[in-house]
Amino acid sequence: VLGWNFTTDEIELLNDSKKISSQSIFQLGGGNSFNTDKRLIDGLSGVILLYVKSWEPPTMDFMDTLELLVENRYIERVEILPVGMAKEFYKNSEDDLDVWRRKVETIKSEKVWIIDYAT
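Residues 106 to 224 in this note's numbering are what the sequence shown spells out, letter by letter.
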């Protein structure tokens, strides 16, 4: 499980709220350098769940990082889960989801999915 601009504690809280278990939790973006994120991504494989803040539109840094995930041949699928604010029980809005869908579609990769777990 990855979190874009989340702390590992926040990712664990999200996992608990969504009833998701994972042995590996990593932070991307935020205070990490691009090279730090690249080294982390190079070591990943399988299906990746990536939490993003739904109210923050995808930045160029995020899209560059997403491209690295797509280019990693050992990653089967990247499931992007936009989550709302904690005070709203992580519920996102349909408008926010639409922004994420439109931007992620520009990657044109069948490996990338926007998902929406019911809260």
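Ideal placement from N, C-alpha and C gives every residue a C-beta, glycine not left out.
- Relative to L186, the option among D114, G148, K158, V175 whose CA is nearest is K158.
- Comparing alpha carbon positions, the residue from G135, S126, T141, G136 closest to I153 is S126.
- Around R182, the same chain offers V152, K216 as residues with beta carbons nearer than 6 angstroms, after the five sequence neighbours per side are excluded.
- Sequence-distant Cβ neighbours of T113 in its own chain, meaning closer than 7 angstroms and more than five residues away, are I130, Q132.
- Per DSSP, the unbroken alpha helix (DSSP H) holding F167 starts and ends at 165 to 176.
- Counted as a single uninterrupted DSSP element, the alpha helix (DSSP H) harbouring E210 occupies residues 199 to 210.
- Per DSSP, reduced to three states, the secondary structure at F131 is strand.
- Taking C-alpha positions only, P163 is separated from G189 by approximately 14 angstroms.
- Residue pairing by DSSP puts L154 in a beta bridge opposite E184.
- Three or more pairs of CB atoms, one per stretch, sit closer than 8 angstroms, so the stretch 138 to 149 contacts the stretch 166 to 177.
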